[in-house]
Amino acid sequence: MAKLSLRDLDVSGKRVLVRVDFNVPTEERDGKIAITDDTRIRESLPTIQWLREHGAKVILMAHFGRPKGQAIEKYSLRPVADHLHTLIDHPVAFAHDTIGKIPEEIIAHMQPGDVTLLQNVRFYAGEEANDEMFAQELARLGDVYVNDAFGAAHRAHASTAGITKFVRQSAMGLLMEKELKHLKDELDPPAKPFVVIMGGSKVSDKIGVIKALMQKANSILIGGAMANTFWKAEGINVGSSRVEADKLDLARELLDVAKQRGVEFLVPSDAVVTQDIRAGAPTKIASVQTGVEDGWQAVDVGPATVERYQQQIAGARTILWNGPLGIFEIPDFSKGTFAIAQALADSDATTIIGGGDSVTAVKQAGLADKMTFISTGGGASLELLEGKELPGVAALSERS
Ligand code: ADP
Ligand code: 3PG
Ligand code: MG
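Here the working numbering is used: the first residue of the sequence shown is 7, the next is one more, and so on.
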């Protein structure tokens with residue numbers, strides 16, 4: 007059934023609680039947190055501006071990083087509030103706490119069209135636990151709820167799911183609608199051959215979806231830190247590469263399942279390795295034959311792997327890419343990621359890029375406008391394409 011949309015709501019004069027995904031990539035510059043790519047913030051603007059134009063008081067809720075229930079200053083959303091201010095040309099009040107007196111007082115003084123951003127919802131353990139008390143505390147701050155955080159819609163947390171029990175109406179935001187249209191309605195089923203490229207660092211999050219994706223994809227290409235786990239599972243030495251030791255059995259199982267199903271499952275045949283993760287550090291190429299020596303670690307896919315992956319990409323009709331193939335933030339380790347971005351740009355297939363860091367890589371390569379669709383969701387877009395219902399969408403009100 008269809009979900010209620012922002013456009014169905016009467017928001018005039020109301021306090022509208024909007025869950026957004028402001029989990030943007032950042033880096034430290036002169037001791038300060040700088041946003042390196044603001045795509046997710048910009049993509050939330052249509053919803054924020056629609057609400058402001060319709061006389062709503064806009065109260066934004068978001069998470070940033072994984073502070074695990076602790077109020078850790080480096081995960082404060084303050085820099086995001088400052089940045090949002092520059093984008094909407096209207097003050098953005100920042101509430102130093104997520105719930106309770108501090109936000110209540112700010113909200114009591116809001117006028118229609120005003121915007122407040124609450125402190126990181128993950129400063130409270132109740133957020134990820136989807137705790138009812140915490141959800142209720144959040145719900146008290148508004149009259150209606152809008153979920154525009156597509157990138158976090160695969161999480162059943164208090165601000166993405168639990169809260170809907172305690173508000174009268176809950177609707178999809180404009181970004182949420184756009185993402186679902188492109189990734190669900192237009193891609194069901196994907197034109198074949200369907201190639202999935204997976205990398206990045208959130209291995210334990212993403213490795214689980216591979217099995218389900220094998221029912222849909224014709225080939226799966228692995229890169230990034232995830233590749234190390236597969237190398238290790240195959241008995242290849244990985245030196246001090248980043249590995250998820252508790253996923254080795256799962257990795258072996260996936261390799262077996264791929265064989266049984268006739269899915270092409272490609273892991274790198276070579277890798278760029280270094281002893282030191284910094285620009286200018288000496289590198290060399292390791293292969294499946296040599297493995298990675300002790301003290302060295304894999305930081306990018308190697309040239310032979312890039313070539314094999316390019317061939318797969320050239321034959322595809324739908325390509326989903328989530329997760330950089332190497333530590334692309336450091337130019338010496340970015341070749342694999344940028345070569346794959348270029349191969350996608352050159353392809354005639356429907357190309358979908360998901361994930362905060364992957365999108366950053368594509369933008370840095372200057373290739374964003376060559377892609378069919380850039381999603382703000384990483385894990386969320388994977389789970390959606392895998393066929394799962396996203397908890398953050400399921401929890402919204404039905405459209406009657
Ligand atoms: P996305 O945001 O696109 O969903 P992730 O958050 O899972 O992707 O991972 C992105 C991060 O993965 C990047 O910051 C990149 O530096 C890191 N990464 C890629 N390859 C490796 C590797 N071999 N070892 C360690 N980190 C890696
Ligand atoms: C993301 O960056 O993929 C989303 O914001 C979700 O973040 P999480 O993986 O920490 O839940
Ligand atoms: Mg990321």
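C-beta atoms are modelled at their ideal positions from N, C-alpha and C, and glycine is treated no differently.
Between the options, which has its C-alpha nearest residue i's C-alpha?
{"i": "D120", "options": "R58, T324, I78 and I333", "result": "R58"}
{"i": "G398", "options": "D282, P309, I319 and V152", "result": "V152"}
{"i": "A177", "options": "A355, T366 and K9", "result": "K9"}
{"i": "Q370", "options": "V305, L15, K74 and Q348", "result": "Q348"}
{"i": "Q317", "options": "E270, A292 and K253", "result": "E270"}
{"i": "D16", "options": "Q175, H115 and K80", "result": "Q175"}
{"i": "R48", "options": "L260, L350, A87 and G206", "result": "A87"}
{"i": "V305", "options": "T324, A277 and P52", "result": "A277"}
{"i": "D282", "options": "I325, D262 and I333", "result": "I333"}
{"i": "K341", "options": "E240, V307, R284 and M182", "result": "V307"}
{"i": "V98", "options": "L123, Y315 and P118", "result": "L123"}
{"i": "I213", "options": "E250, K290, P196 and K238", "result": "E250"}
{"i": "G372", "options": "W302, D352 and V201", "result": "D352"}
{"i": "D300", "options": "R248, I346 and D252", "result": "R248"}
{"i": "K171", "options": "Q142, L12 and L180", "result": "Q142"}
{"i": "R21", "options": "G61, T53 and S11", "result": "G61"}
{"i": "E335", "options": "G286, I359, F379 and D354", "result": "G286"}
{"i": "D27", "options": "A401, S381, A400 and S403", "result": "S381"}
{"i": "F236", "options": "A162, L261 and E134", "result": "L261"}
{"i": "N78", "options": "A131, H91 and D36", "result": "It should be pointed out that residue 78 corresponds to Ile in this sequence rather than to Asn. Here the closest residue by C-alpha is A131."}
{"i": "P195", "options": "D211, V173, M182 and Q221", "result": "Q221"}
{"i": "G393", "options": "A167, A264, A257 and L193", "result": "L193"}
{"i": "L12", "options": "D36, K38 and S50", "result": "S50"}
{"i": "S210", "options": "G179, D252 and T166", "result": "D252"}
{"i": "G19", "options": "H89, H115 and A400", "result": "H115"}
{"i": "A135", "options": "H91, I169 and H102", "result": "I169"}
{"i": "Y81", "options": "I94, N29 and R284", "result": "N29"}
{"i": "R161", "options": "D95, Y315, R72 and T296", "result": "R72"}
Does the distance from the C-beta atom of residue i to that of residue j stay below 8 Å?
{"i": "L83", "j": "Q55", "result": "no"}
{"i": "I242", "j": "I226", "result": "no"}
{"i": "N189", "j": "L23", "result": "The question names Asn, but residue 189 is Leu in the sequence shown. No, these two residues do not count as a Cβ contact at 8 Å."}
{"i": "D191", "j": "A164", "result": "no"}
{"i": "T104", "j": "F129", "result": "yes"}
{"i": "P199", "j": "N224", "result": "yes"}
{"i": "T357", "j": "R323", "result": "no"}
{"i": "G362", "j": "P31", "result": "yes"}
{"i": "A239", "j": "L254", "result": "yes"}
{"i": "P118", "j": "K63", "result": "yes"}
{"i": "G245", "j": "V298", "result": "yes"}
{"i": "W302", "j": "V273", "result": "no"}
{"i": "A159", "j": "L388", "result": "no"}
{"i": "L331", "j": "G229", "result": "yes"}
{"i": "T311", "j": "S364", "result": "no"}
{"i": "I359", "j": "W327", "result": "yes"}
{"i": "L181", "j": "T53", "result": "yes"}
{"i": "L346", "j": "V201", "result": "For the record, residue 346 in the displayed sequence is Ile; it is not Leu. No; because the gap between Cβ atoms is not below 8 Å, this pair is not in contact."}
{"i": "A167", "j": "A401", "result": "yes"}
Using 8 Å for Cβ pairs, my map puts residue i next to residue j. What's the rounded Cβ distance?
{"i": "R25", "j": "D149", "result": "15 Å between Cβ atoms; not a contact."}
{"i": "P109", "j": "L147", "result": "6 Å"}
{"i": "G385", "j": "K208", "result": "7 Å"}
{"i": "F156", "j": "G329", "result": "The Cβ separation is near 17 Å, so there is no contact."}
{"i": "A40", "j": "V127", "result": "22 Å between Cβ atoms; not a contact."}
{"i": "A231", "j": "G268", "result": "Incorrect: roughly 27 Å between the Cβ atoms, too far for contact."}
{"i": "E33", "j": "T42", "result": "5 Å"}
{"i": "A374", "j": "T343", "result": "Going by Cβ atoms, the distance from A374 to T343 rounds to 14 Å, so no, they are not a contact pair."}
{"i": "I325", "j": "I203", "result": "7 Å"}
{"i": "T289", "j": "D338", "result": "6 Å"}
{"i": "R405", "j": "D36", "result": "Actually they are not in contact, since the Cβ atoms of R405 and D36 sit about 49 Å apart, beyond 8 Å."}
If we cut at 8 Å on Cβ distances, does residue i have a partner in chain C?
{"i": "G132", "result": "Of the protein chains in this structure there is only one, and it is not chain C."}
Identify every run of the beta strand (DSSP E) within the stretch 289–355, keeping only runs that are complete inside it and at least 3 residues long; order them along the chain. Taken in chain order, the complete beta strand (DSSP E) segments of 3 residues or longer contained in the stretch 289–355 are 289–293, 303–307 and 324–328.
Counting only runs of 4+ residues fully inside the stretch 214–263, write out the alpha helix (DSSP H) ranges in chain order. List check, alpha helix (DSSP H) in window: 230–239.
Strictly closer than 6 Å from CB to any heavy atom of the ligand ADP: give me those residues in the order they appear in the chain. Chain-ordered list of matching residues: G205, G206, S207, K208, G230, A231, R248, A304, V305, N328, G329, P330, G332, I333, E335, G361, G362, D363, S364 and G384.
In chain order, each alpha helix (DSSP H) run of at least 4 residues that lies wholly inside the stretch 97–172: The alpha helix (DSSP H) runs of length 4 or more contained entirely in the stretch 97–172 are, from start to end of the chain, 107–114, 131–134 and 138–145.
Going residue by residue through the stretch 15–49, where are the continuous alpha helix (DSSP H) segments of at least 4 residues, counting only ones entirely within it? Complete alpha helix (DSSP H) runs here, min 4: 45–49.
Segments assigned alpha helix (DSSP H), at least 4 residues, entirely inside the stretch 174–211: Listed in chain order, the complete alpha helix (DSSP H) runs (minimum 4 residues) inside the stretch 174–211 are 180–186.
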